[in-house]
Structures are given as C-alpha cells and as structure tokens.
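Those letters in the sequence shown? Residues 5 to 87, by the numbering used here.
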Amino acid sequence: MSKITFYIGEESYTFNAAIEIKLDGETEPNNLRVETILSEEISRYINNNNLKGKPKHISIEDESFIGECTDLSVIGKLEIRTK
C-alpha cells in the first residue's frame, strides 16, 4: 500500500493506493512503471472526485521508498529514493 499526495493549486489531496514501488525480483524500483501507474491512479482520483486542475508536486511513499516529481506531464521526472 502506498500513500499518494498531490496539489491542485494550494489544495493538498492524499489517498492510499495498492501500488508497490519496488516489485519482488527488481533490484531497484522501475521509475517508468511507477510513474505510469501513479499517473493512472491520480487521474482516476481526480475524475472520481470531480476535481478541476492539473496535479502538481506529486509524491508517492511506502514503507521503504519515496518518489517525488513536480508534475507528470513529462515522462521520466519521477525520482525515487530509499527512506
């Protein structure tokens, strides 16, 4: 389970999602996989909650890793590190 946080304007939104940052068998997290799933989860959350605006200052966190990026409009911006 991962905690996802993002901002639309000055408003912060946080929710939990069943995303594993590092899968079993990976030596390190696959940034592209995590970024793709993160984008899908945030889009689903925005649609389900009728939010307007573009998500910024995005983070994903689990018990071992934290990933951060300013936005998801450009692929490859997500930086993942160990806690």
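We put the beta carbon where it would ideally sit given N, CA and C, even for glycine. The structure displayed is predicted, hence computed values, not measured ones.
Spatial neighbours of residue i in its chain, beta-carbon cut-off 7 Å, leaving aside the 5 residues before and after
i   : result
H61 : F10, Y11 and T74
E83 : G71, E72 and C73
S43 : L76
F19 : I8 and Y49
A22 : M5
Contact set for residue i: own chain, Cβ-Cβ below 6 Å, skip 5 residues either direction
i   : result
S47 : none
I25 : P33, V38, D66 and F69
Burial state of residue i (16 or more Cβ within 10 Å)
i  : result
S6 : buried
Helix, strand or coil at residue i according to DSSP, with G and I counted as helix
i   : result
S43 : helix
I64 : strand
I50 : helix
N34 : coil
K7  : strand
Inter-residue spacing [alpha-carbon to alpha-carbon] between residue i and residue j
i   : j   : result
Y17 : S63 : 11 Å
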